[in-house]
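K.L.:
Residue numbers (our numbering), protein chains in the order written: chain A, 1 to 335; chain B, 1001 to 1290; chain C, 2001 to 2402.
Don't be surprised by glycine CBs; every beta carbon is placed ideally from N, CA and C.
Supplied in structure tokens, the structure appears directly below.
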Amino acid sequence: MATESRTDPKGADAVSTLAARDEVAEARYHRVGFIVLFALLVVAPFVLYPVFLMKALCFALFACAFNLLLGFGGLLSFGHAMFLGMAGYVSAHAAKVWGAPPELAILAGTATATLLGVVAGFIAIRRQGIYFAMITLALAQMVFFFCLQAPFTGGEDGIQGVPRGVLFGVIPLTQSFAMYYTVLAIFAIGFFLIYRIIHSPFGQVLKAIRDNEPRAVSLGYRTERYKLAAFVMSAALAGLAGATKAIVFQLASLTDVHWGMSGEVVLMALVGGMGTVFGPVAGAFILVAMESYLTELSAWVTVVQGAIFVACVLAFRRGVIGELEAFLRRRRNRN
Amino acid sequence: MGISVPALMGQLLIGLINGSFYALLSLGLAVIFGLLNIINFTHGAQYMVGAFVAWFLLNKLGLGYWWALLLVPVVLAVFGVVIERLMLKHLYKLDHLYGLLLTFGLALILEGVFTHQFGSAGLPYSMPEKLMGGYNLGFMFLPTYRAWVIVASLVICLGTWFLIERTKLGSYLRAATENAPLVQAFGVNVPRMVTLTYAFGVGLAGLAGVFAAPIYQVSPQMGSSLIIVVFAVVVIGGMGSIMGSIVTGFGLGVIEGLTKYFYPEASNTVIFVIMAIVLMVRPQGLFGQR
Amino acid sequence: MKLKSLAAVAALAFTGAAQAQVSGNTVKIGVLSDMSSLYADIGGPGSVVAAKMAVEDFEKAHHPKFKIEVVGGDHLNKPDVGSQIARKWYDEEGVDVIVDVPNSGVALAVSQVTREKNKAFLGSGPGSSDLTGSKCSPNTIHWVYDTWMLANGTGTAVVKHGGNTWFFITADYAFGHALERDATNAVQKAGGKVLGGVKVPLNTQDFSSFLLQAQASKAKIIGLANAGGDTINSIKQAAEFGIVKGGQNLAGLLVFLSDVHGIGLEKAQGLILTENFYWDLNDKTRAWSKRFQKLDNGKMPTMVHAGVYTSVLEYLDAVTKINSDDGGKVIAQMKKKGEFDDPLFGKSRVREDGRNIHDAYLFQVKTPAESKGPYDYYKLLATIPADEAFRPLKDGGCPLVK
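Okay, here's the thing in structure tokens:
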């Protein structure tokens, strides 16, 4: 889904040098961004409530995974909750009923989401645009109703009392800080994975497909395969986020497979900036902070979320990070 | 396995009643998408607002059900005009999906405000006297009101289909979707038609809300539980096809009823399974055109 | 005499200094409820009112040294939201005790978090008897009612009246399952038979197809194992489909005063139900309820509201006695108190498994002719003494019971 149109007043040469300069500058900004972000995250639990931070990190990973598919693949999935939630249920079940240690439980959850991604992707990828979104929604609804009725998910009550366990047999995760740094590590792995994917040759082809699929096909690329691969990767990373979340909160519930959750992750990507690297992280933190601030007035949360959706679509399509990047680019071009 | 005919017939009839709501609501959605290419996610919330306006008319202004049937669609249509003029018209040159996101946001706002104001418990709306009671059909007791809903929705659905497919106004609308500048060149005020079409679709949603008020609790959540199913109906029927959504709406209601009888656990998912299959095999829907 | 009291004061001062204090010299009470959905009238904002009334009354009567604060929160009937709010309240906001929590799924989650953090949970809202059974906790007291009590009260009475074949419409979560299970046991023990049942998602709008199945089963009694808005919808739609006219009867296994108010006497008359409190029972309940009514927009209190009020009073009393807000210790103190005279529930006692027992009442909803005005809805059929009303201590499977 292209979010900007390109005009070319100065001619092809100028554009390509500008583009090359752009890329170098972008890489530099990204490096600065990483350092600032991770420095903040390492120190944060001493200042802010760790549980809030862990929730934000899990959602940040979820949003990044979603953005891989939307911002870079150009595919809007309206059913991503199925990966988050299903992975959460499997992870919770593994930890609680099978007594698996946390790292294996999370692995099990992620694997489930990956499998689900293959199946769902295979069905959905054949279509584009709104039809693609609708298929993902339909599939997510089926997963939702399955989770509602399957005995192992506990229906409305969810799977409660999931043990945090002992990581690698050495680090007990019941302590907030131990859990936090584990979550941070998982987020870092996921984040860097996505970054590498985006900036790899695979990522370039993906972006080309997003911008103009018929041209990519004419160049000989098997676009279906690339899209499916992106879909499965996105599903797997969303599953990683969900599986981790279940261990952190020791609970897996229907909220995570409900279509409202699919809507929320779209909002996070939109607010933060679709197609940017840091956008989803910003979006996730903003939304989790807002929800946390408004817990006593829960009805207002939906209103505020809705208002943000409307405002973003009408006036703020590039999102927080998108606007920041545009500002930086304008300043650089002026020099 | 012994099939109990009375029980089966009962579920089919209930299915038909649910189907009427599916048909009415998907009709509005199909009109809006078919003619304007907008995916109106707000539809469920607009249906809910319609029910609340009906409640307001009855309990604050003393205007009963029959008044509501007339006034609510008008009120909702005006509301639709406001939304279209203020917000939607800016999105026509962008990707469809922005329209989806905007209307999704609007739905959240509406639901949130109403939930805050009225709680989720819901408000009672008394059934109009002329429609109380029912008929004993032998295999089940059919409340008069539910029979009225089936008949009335059929009439409205077929009326709308006729309006769009068989009248001059409808043909202008259909032409405007395919080639707006050309139709505009002929002197037809296309933007105004677009606005009125959206308003009409929203009015239909409001009307469905009035039908729902006496039998379902008038609650802020009533739209969101239906909207996803209605989307499935529209997609299966063919996103721009009026007849498609009518037939599919009633048809799926009946299929859901059958599933509730033979395999109740699957009754929630059957519509989505059908939708996924249809999208894979014939993505334009059963009645749609590419 | 003067010397003795001087010595007593000195001793108190000494022990006060040596023992654990009330943290931050503040007792913070968290009212976690369903503020906006199907249980909002049963608990909801009314529970916050009841808690504040209790705090006011306690401060007036005892002038405690510590400050008392009340905060409210909405769990939206979701266990993850409820447990997150509970966690945040305990970790970040110094909440010492959580009260109310209608919705058994949420209550079970909150009970776990409470145990983890060694705080206190006084559940007036939830129903599942598992809270004092297999999932009992030394930090939780189940204050007002539970599914076993309801099932036995209503179930047994209805079977004895001739309703000996049942079909259940069950809310598909912890509470509904517990209620159906306990009611099935009660019905079978009384000599009745359960012909079938159907599980319905929480907050369902349209019960028509489920009611149709109930009709098809030809059971004499359709047991509604649900609560709040679900019960109201089931009863209203049953009337629409002529179920009662067709010869079947509805048994509302958990019906609150607010539900009857929502359904109206026209449709609710004759319904038999079990509750532990009714505003018009005696002078004390009348006086308190009239006070409550003025503070809560003219609504009469439900037994949950009454429970929030007295549980907060008893909690504050225990905190004062041991001068500590350590969750486990306060709960232990409340159990140690033995039998006490609850201003609204009469003679009560908190058992080892965390179950607070008091009398239960079998009511029948009046006909419109019998009622003298709004909220005059119940006539008393029978009183079930505390020891019979609740599940015997040994049958619960609670690990705390030796």
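I'd like to know whether the C-beta atoms of Val1254(B) and Leu1008(B) end up nearer to each other than 8 angstroms.
P.N.:
no
K.L.:
Any C-beta of chain B within less than 7 angstroms: which residues of the region 202 to 218 of chain A qualify?
P.N.:
none
K.L.:
Which residue comes first and which comes last in the alpha helix (DSSP H) that contains Ala2382(C)?
P.N.:
It is not in any alpha helix (DSSP H) - Ala2382(C) instead sits in the beta strand (DSSP E) that spans Tyr2378 to Ile2384.
K.L.:
Beta-carbon of Tyr293(A) versus every beta-carbon of chain B: anything under 8 angstroms?
P.N.:
For Tyr293(A), the answer is no, since every Cβ of chain B falls outside 8 angstroms of its Cβ.
K.L.:
Would Leu1286(B) pass as a contact of Gly1238(B) if the rule is Cβ separation under 8 angstroms?
P.N.:
yes
K.L.:
Within this structure, are the beta carbons of Val2055(C) and Val2312(C) separated by less than 8 angstroms?
P.N.:
With contacts defined by Cβ atoms closer than 8 angstroms, Val2055(C) and Val2312(C) form a contacting pair.
K.L.:
In this structure, does DSSP put Ile1164(B) in helix, strand or coil?
P.N.:
It is helical.
K.L.:
Output needed for Asp2387(C): all residues of its chain with C-beta closer than 8 angstroms, excluding positions within five of it in sequence on either side, in chain order.
P.N.:
Ile2357
K.L.:
Below 7 angstroms on C-beta distance, what does Glu1111(B) contact in chain A?
P.N.:
Thr302
K.L.:
Between Ala2306(C), Gln2333(C), Gly2094(C) and Val2200(C), which lies nearest to Arg2349(C) when the distance is taken from Cα to Cα?
P.N.:
Gln2333(C)
K.L.:
Which runs of the beta strand (DSSP E) at least 3 residues long sit entirely within the region 1116 to 1193 of chain B? Give them in chain order.
P.N.:
Within the region 1116 to 1193 of chain B, complete beta strand (DSSP E) segments of at least 3 residues are found at 1134 to 1136 and 1141 to 1143, given in chain order.
K.L.:
Report all residues from its chain with a CB closer than 7 angstroms to the CB of Asn2139(C); omit the five preceding and five following residues, and keep chain order.
P.N.:
Thr2114, Arg2115, Asn2118, Lys2119, Ala2120, Phe2121, Gly2327, Gly2328 and Ile2331
K.L.:
To the nearest angstrom, how far is it from the Cα of Val1078(B) to the Cα of Leu1169(B)?
P.N.:
Roughly 20 angstroms separates the two Cα atoms.
K.L.:
Let me confirm a value: Asp2206(C) is counted as buried when at least 16 other C-beta atoms fall within 10 Å, else exposed. Which label applies?
P.N.:
buried
K.L.:
Between the Cα of Gly2176(C) and those of Ala2216(C), Phe2340(C) and Asp2230(C), spot the shortest distance and give me the residue it belongs to.
P.N.:
Asp2230(C)
K.L.:
Note the first and the last residue of the continuous alpha helix (DSSP H) segment covering Glu2116(C).
P.N.:
Ser2104 to Lys2117
K.L.:
Let me confirm a value: Pro1073(B) is counted as buried when at least 16 other C-beta atoms fall within 10 Å, else exposed. Which label applies?
P.N.:
buried
K.L.:
Run through chain C and tell me which residues come within less than 7 angstroms of Thr255(A), C-beta to C-beta.
P.N.:
Lys2078 and Asp2080
K.L.:
Cutting at 6 angstroms between CB atoms, please list the residues of its own chain near Ile197(A), excluding the five before and the five after it.
P.N.:
For Ile197(A), where only same-chain residues beyond five positions count, the Cβ hits under 6 angstroms are Gly203.
K.L.:
Note the first and the last residue of the continuous alpha helix (DSSP H) segment covering Glu325(A).
P.N.:
Gly319 to Arg334
K.L.:
Under DSSP, the beta strand (DSSP E) around Leu1258(B) begins and ends at which residues?
P.N.:
Counting along the chain, Leu1258(B) falls outside any beta strand (DSSP E), though it belongs to the alpha helix (DSSP H) covering Ile1242 to Phe1262.
K.L.:
Helix or strand or just coil, what does DSSP make of His2177(C)?
P.N.:
DSSP places His2177(C) in the helix class (H, G or I) of the three-state scheme.
K.L.:
Measuring alpha carbon to alpha carbon, tell me which of Phe46(A), Phe122(A), Pro151(A) and Phe59(A) ends up nearest Ser262(A).
P.N.:
Taking only the C-alpha atoms, the option nearest Ser262(A) is Phe59(A).
K.L.:
Restricting to Cα atoms, I'd like to know which of Gly2346(C), Asp2317(C), Gly2397(C) and Gly2373(C) is closest to Gly2354(C).
P.N.:
Gly2397(C)
K.L.:
Nearest-angstrom Cα distance between Lys2336(C) and Val2144(C)?
P.N.:
18 angstroms
K.L.:
Based on the DSSP output, what are the partners of Ser2348(C) in its beta bridges?
P.N.:
Phe2340(C)
K.L.:
Between Tyr89(A) and chain C, is the shortest Cβ-Cβ distance under 8 angstroms, so that the two count as touching?
P.N.:
By this cut-off, Tyr89(A) is not an interface position.
K.L.:
Any beta-carbon of chain C closer than 8 angstroms to the one on Phe192(A)?
P.N.:
no
K.L.:
Label Gly79(A) either buried or exposed according to how many other C-beta atoms from any shown protein chain fall within 10 Å of its C-beta, with 16 as the threshold for buried.
P.N.:
buried
K.L.:
Report all residues from its chain with a CB closer than 7 angstroms to the CB of Glu2196(C); omit the five preceding and five following residues, and keep chain order.
P.N.:
The residue asked about is misnamed: residue 2196(C) is Gly in this sequence, not Glu. Cβ neighbours of Gly2196(C) beyond the five flanking positions: Phe2167 and Ser2217.
K.L.:
Verify the CB distance criterion: does Pro2126(C) have a CB-CB separation below 8 angstroms to chain A?
P.N.:
no
K.L.:
Please list the residues of the region 28 to 61 of chain A that have a C-beta atom closer than 9 angstroms to any C-beta atom in chain C, keeping them in chain order.
P.N.:
Tyr49, Pro50, Val51, Phe52 and Lys55
K.L.:
Can you tell me whether Met1132(B) is buried or exposed? The criterion is at least 16 other CB atoms within 10 Å of its CB, across all chains shown.
P.N.:
With fewer than 16 Cβ atoms within 10 Å of its Cβ, Met1132(B) is classed as exposed.
K.L.:
Cβ closer than 8 angstroms: which chain B residues qualify as neighbours of Ala2216(C)?
P.N.:
Ser1004, Pro1006, Ala1007 and Gly1010
K.L.:
Can you name the residues of chain B whose CB is closer than 9 angstroms to the CB of Phe72(A)?
P.N.:
What Phe72(A) touches in chain B: nothing, since even the nearest Cβ is about 16 angstroms away.
K.L.:
Report the option in Gln1046(B), Glu1165(B), Ile1032(B) and Leu1086(B) whose CA atom is closest to the CA atom of Ser1224(B).
P.N.:
Closest by alpha carbon: Gln1046(B).
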